[in-house]
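To start, the structure under review is shown below, and the notes come after it.
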Amino acid sequence: QDQPSQLSIETAFGKYGLQSSVVSTDIRIKGDHRILGNYNTTESEGYRNNNNYKRKGFALIGEHKVSNKVRLSWIANYVDLLGQIPSSLNLEDYTNDPTKAAFTWQQVNGFEDYTKFIAGISAAIQTSDKSIWKVSLFTNSFDSYESRPFNIIEEDNSAIGLRSTFKQSINTDLDINLGIEG
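Take 363 as the starting number for the sequence shown in our numbering and just add one per residue.
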């Protein structure tokens, strides 16, 4: 029997301005199609100086039965984060003022700010009772800016790829797997 679709919402509040929310869905259509979704946010002022934190993200996952021999699946995940860095304290500061940020990190308002994105789609094709062929196309990107006392780090990377595998079962104890990725 088909499972019903679901929606859940969670919210939390805490010390130092903590606010966190998560919205999740599980959508099912006739047992052949399913979409999972998640959106989340977290914000905090932090216990220490130079310790603010903001994170937002979403994830989507889909599974689709195209036929008895073909299944499609896909994923998309995105994160946007800004986190200040108070860094380490010496024993005197820790003992007398533990909310303090490390001097050099406070001076430059040290932080990390980045976005990440990952996505992919995959097909699994049952070519016979004992063999399956899988093909996946995927991409990712990462864009980051980090302010530190001794330098600035900037990264901007992205990639795209393709993976193909073939599995042949010879008997219950032996499978042959072949694959390529680029």
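Glycine is no exception: its CB is placed at the ideal position from the N, C-alpha and C atoms.
- Separation of F473 and V497 (C-alpha to C-alpha, rounded to the nearest whole angstrom) is 39 Å.
- Residue environment: I371 is assigned as exposed (fewer than 16 neighbouring CB atoms within 10 Å of its CB, all protein chains considered).
- If only uninterrupted beta strand (DSSP E) runs of at least 3 residues are considered, those enclosed by the segment 375-450 are 380-391, 395-406, 415-427, 432-446.
- If you ignore the 5 residues before and after I522, its C-beta comes within less than 6 Å of the C-beta of T501, all in its own chain and listed in chain order.
- Cα atoms of Y507 and D442: separation of roughly 12 Å, rounded to the nearest angstrom.
- Distance from G424 to W436 at the Cβ level is roughly 5 Å; contact confirmed, criterion being Cβ atoms closer than 8 Å.
- Excluding the 5 residues flanking it on each side, V385 has same chain C-beta neighbours closer than 6 Å at I371, Y401, in chain order.
- For the 9 Å CB-CB criterion, S367 and I389 form a contact.
- If you compare the alpha carbons of G541, D491, G482 with that of N533, the shortest gap goes to D491.
- DSSP, read as helix, strand or coil, puts D491 in coil.
- Taking each of I494, L540, N519 in turn and checking the Cα distance to R433, the smallest one comes out for I494.
- Counting of Cβ neighbours within 10 angstroms places A374 among the exposed residues, the total staying below 16.
- If you check the CB distance, L444 and A421 do not come in under 9 Å.
- Per DSSP, the continuous beta strand (DSSP E) segment holding D518 begins and ends at 513-533.
- Residue state for T461 is assigned as coil, using DSSP reduced to three classes.
- The alpha-carbon separation between L453 and T466 amounts to approximately 16 Å.
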